[in-house]
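**Q** Take this structure first; my questions come after.
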DNA sequence: ATCGTTCCCGGCAACGTTTGCGGTAATAAA
DNA sequence: TTTATTACCGCAAACGTTGCCGGGAACGAT
């Protein structure tokens, strides 16, 4: 109803739409008086250009698509926070898609994002995704893509990730220095890049300190519910059970903590626990949880900055590379070293 | 580059675009053979209609705007989760805006949402917002609006909220029954509807059990950082300090818990603590936190369902009303009753 | 008087799609 | 044979905006 168009202004001022258009963007070939007239009138009627018409004309949308497995996950919501803040300032909108850890939905989301003509795509892969040909197809069509957190290196895109190796190394080293010898690693699906990197950091630390790498101490979860119980049970039933747990995600850390509570295992007296997490309440847990924090917001920010750079400079942008954002080890009660008398 | 348009199909098949368009939507005035030809060809080339062109023509976008104070807040991210799931199934996209608890950004977000021609708006007000004339203006222009959680009743829209009164009543009643007499209420800005409702529930419970209502026990926070420390200090310095804390948000509950820890106040031995929250790790806190849980996801779902109803039935939709979603009291360690000997 | 400039502006097409209207054949009814 | 009906399809406008092209007026230079 009340939306003012360039035509309305043209009609009211008895000039052509092209003149109005040029006046509005301050073209040099418009009379100063006319310009002021148009500007003043547009201001008064609160004229706002129709971005949809622009999109149609310029075949772009000033929107970027963000595909994440789950919004209701503190890591991703923080990352989106970082993304949205930057994008907003740069004049881009953010359209959110959730893959719900489903390959199919992820592919459908991409199709939708393409249909909507997003100018670029930010994606963190679903845990089901091992084949990335759908992504490659879009990339080959010229869509700027930046991966973050859960990335695939089979794809030649810019990737923004936490320093998973370093974080895992630091966590494992810390446990070892606190006197732990049998360190279990509860982690996420093995085909994810971050899983491999964390596992590598874990192994490197074990090796450096002369501890054996025992495959039976490494357990892979999905992102399902209540899967830690059985994992913990199996580990504790081993002939030589673990004296520490290093978990690779928020959910696993919390699940593991809950499972240990239920089984009346004392932390850190019986076992240590450290997470690779993003919780803001880790220090309020029982016990306060040692953790390797991932700078989720910063990852989001860097990712969207790179993406916009890619969108706007297209050809002469920095070549694809992987950016590692440092992680931080925070030591709390759950990994206190226990003196064996 | 590779996007197929109706024109491409028309050219290839040597027919007009109107015929293609009609064939694609199965118009009766197109020859069966032609239809099949077009459908088959469109399928083969993976034709997908350009939603932007549609939007321009029909002056709608099949997108709904969601304005929340903060994405990185478990309540809102869960609500968005619910929203996105439903919207997706109904063919709508979700465009997210964060007001960052700023009135100005909220207003700017609305403007942007309007510019983008969202078909409807879902909003939870920023804590700074007391004047809602900007919202009213949009509503009077015919934009379907549904408020959720932080709503203003100065506006005649459908509102979806948790049962704040009931939840606060239940929490307060529970504390009283556990033997507490001086119950402090740490809450959010007083001009928010949810604040008033929770306060009313708190007062009603006090009254029902014959306890006096003491204004000095009620403290209003903003949504800033680290504001609970001073509040807790002031309360504990009262001549007759509280023996229980009832907090009105995730952040206040966690902040209060942290502040009490720092001051070495034992929970629940010295004071009780119960939150009005949405944390999924409340049972893992130290101590396990009693809480009134808000069904965030359900609130989001109901809100978007109502909004879509409003969008699609416009005139004959249900009249504005306020829907209260029940809350649930979960009792844990932090409000254990302490036997005074 | 003619030509070249400069300044300012309007017409038109285009982006992809839908839709009202008109038109052409073929067939049926008179 | 003429007329009405049916079945099928194309033309063109419209949504809001931009940009190319062209053109008129005014002016100075030749």
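Protein chains in written order, with full-length UniProt numbering: chain A, 1 to 341; chain B, 1 to 341.
Backbone N, C-alpha and C define an ideal beta-carbon position, used for all residues, glycine too.
Since this is a predicted model, take the numbers as computed values, not measurements.
State yes or no: is the beta carbon of residue 285 of chain B nearer than 7 Å to at least one beta carbon in chain A?
**A** Against the second chain, residue 285 of chain B aligns to sequence position 285. So yes, residue 285 of chain B belongs to the interface.
**Q** Can you pull the chain B neighbours of residue 93 of chain A, defined as C-beta to C-beta under 8 Å?
**A** Residue 93 of chain A sits at position 93 when you count from the first residue of the first chain. What residue 93 of chain A touches in chain B: 95, 112 and 116.
**Q** Using the C-alpha atoms, what's the distance from residue 202 of chain B back to residue 83 of chain B?
**A** As a position in the second chain, residue 83 of chain B is number 83, starting the count at 1. As a position in the second chain, residue 202 of chain B is number 202, starting the count at 1. Taking the straight line joining both Cα atoms gives about 30 Å.
**Q** Quick one: what's got a C-beta closer than 7 Å to residue 86 of chain B's C-beta in the same chain, skipping five residues either side?
**A** In the second chain, the residue the question calls residue 86 of chain B occupies position 86. Excluding residues within five positions, the ones whose Cβ falls inside 7 Å are 301, 304 and 305.
**Q** Could you name the residues of chain A that residue 81 of chain B contacts, counting a contact when the two beta carbons are closer than 8 Å?
**A** Counting from 1 along the second chain, the entry for residue 81 of chain B is found at position 81. The answer, in chain order, is 70, 71, 72 and 98.
**Q** Note down, in chain order, each residue of its chain lying with its Cβ closer than 6 Å to the Cβ of residue 130 of chain A, except the 5 sequence neighbours on either side.
**A** For this step, residue 130 of chain A is matched to residue 130 along the first chain. Excluding residues within five positions, the ones whose Cβ falls inside 6 Å are 191.
**Q** Relative to the alpha-carbon of residue 101 of chain A, which residue among A:189, A:207 and A:238 has its alpha-carbon at the smallest distance?
**A** Here the question's residue 101 of chain A lines up with position 101 in the first chain. Checked all of A:189, A:207 and A:238; the closest Cα to residue 101 of chain A is A:189.
**Q** On the DSSP letters alone, give me the boundaries of the alpha helix (DSSP H) that residue 171 of chain B sits inside.
**A** The count along the second chain starts at 1 and reaches residue 171 of chain B at position 171. Here the alpha helix (DSSP H) through residue 171 of chain B covers 164-177.
**Q** Report the residue ranges of all beta strand (DSSP E) runs contained in full by the region 183-230 of chain A; include only those spanning at least 3 residues, in chain order.
**A** Correct list: 183-187 and 218-220.
**Q** Which residues in the same chain as residue 271 of chain B place their Cβ atom closer than 8 Å to its Cβ, once the five residues preceding and following it in sequence are excluded?
**A** As a position in the second chain, residue 271 of chain B is number 271, starting the count at 1. The residues are 242, 243, 244, 245, 260 and 265.
**Q** DSSP on residue 291 of chain A, reduced to helix/strand/coil?
**A** Residue 291 of chain A sits at position 291 when you count from the first residue of the first chain. It is a strand residue.
**Q** Is the shortest distance between the beta-carbon of residue 254 of chain A and the beta-carbons of chain B less than 7 Å?
**A** Here residue 254 of chain A refers to the residue found at position 254 of the first chain. Interface residue, yes.
**Q** Answer with buried or exposed for residue 335 of chain B, where buried requires no fewer than 16 other C-beta atoms within 10 angstroms of its C-beta.
**A** To locate residue 335 of chain B, count along the second chain from 1; it is residue 335. Burial call: buried.
**Q** Take residue 320 of chain A and list the residues in its own chain whose beta-carbon comes closer than 7 Å to its own, dropping the five residues that flank it on each side.
**A** For the purposes of this step, residue 320 of chain A is identified with residue 320 of the first chain, where counting begins at 1. Contacts found: 156, 157 and 158.
**Q** Note down, in chain order, each residue of its chain lying with its Cβ closer than 6 Å to the Cβ of residue 30 of chain A, except the 5 sequence neighbours on either side.
**A** Along the first chain, one-based indexing puts residue 30 of chain A at 30. Only 22 and 23 meet the Cβ criterion.
**Q** What residues from chain A crowd round residue 144 of chain B, counting only those whose CB sits closer than 9 Å?
**A** Mapped onto the second chain, residue 144 of chain B falls at position 144. None at all; the shortest Cβ gap to chain A is about 14 Å.
**Q** Among B:318, B:309, B:307 and B:273, which has the Cα closest to the Cα of residue 330 of chain B?
**A** The residue you call residue 330 of chain B lines up with position 330 of the second chain. The shortest C-alpha separation from residue 330 of chain B is found at B:273.
**Q** Closer than 7 Å, Cβ to any Cβ of chain A: which residues of the UniProt domain "HTH lacI-type" (4-58) of chain B, in chain order?
**A** For the UniProt domain "HTH lacI-type" (4-58) of chain B, which is checked against every Cβ of chain A, the residues closer than 7 Å are 48, 51, 52, 53, 55 and 56.
**Q** According to the neighbour-count rule (16 or more other Cβ atoms, all chains shown, within 10 Å of its Cβ), is residue 7 of chain B buried or exposed?
**A** Here residue 7 of chain B is taken as the residue at index 7 of the second chain, counted from 1. Label assigned to residue 7 of chain B: exposed.
**Q** Could you tell me whether the region 122-129 of chain A touches the region 138-158 of chain A, where touching means 3 or more Cβ pairs closer than 8 Å?
**A** Yes, since at least three Cβ pairs between the region 122-129 of chain A and the region 138-158 of chain A fall closer than 8 Å, the two stretches touch.
**Q** Is it buried or exposed for residue 128 of chain A, if we count other Cβ within 10 angstroms and need 16 for buried?
**A** Along the first chain, one-based indexing puts residue 128 of chain A at 128. Answer is buried; the Cβ neighbour count reaches 16.
**Q** Is residue 326 of chain B buried or exposed, if buried means 16 or more other CB atoms sit within 10 Å of its CB?
**A** Position 326 of the second chain, counting from 1, holds the residue named residue 326 of chain B. Residue 326 of chain B should be labelled exposed.
**Q** When Cβ atoms are compared, which residues of the region 181-194 of chain A fall closer than 8 Å to chain B?
**A** Cβ contacts with chain B: none found.
**Q** Please identify the residue among B:220, B:193, B:283 and B:214 whose C-alpha is closest to the C-alpha of residue 324 of chain B.
**A** Taking the second chain and counting its residues from 1, the one referred to as residue 324 of chain B is at position 324. Comparing Cα positions, the closest option is B:193.
**Q** Which residue comes first and which comes last in the beta strand (DSSP E) that contains residue 403 of chain A?
**A** The structure shown does not extend to residue 403 of chain A, since chain A spans only 1 to 341, so no value can be given for it.
**Q** Along the chain, where does the alpha helix (DSSP H) containing residue 329 of chain A start, and where does it finish?
**A** Here residue 329 of chain A refers to the residue found at position 329 of the first chain. Note, residue 329 of chain A: premise wrong, no alpha helix (DSSP H); beta strand (DSSP E) at 328-330.
**Q** Using only CA atoms, which one of B:57, B:72, B:90 and B:40 lies nearest to residue 64 of chain B?
**A** On the second chain, residue 64 of chain B is found 64 positions in, with the first residue counted as 1. Looking at the Cα atoms, B:90 is the closest of the given residues.
**Q** In terms of DSSP beta bridges, what is residue 158 of chain A paired with?
**A** Position 158 of the first chain, counted from the start, is the residue given in the question as residue 158 of chain A. Paired residue(s): A:146.
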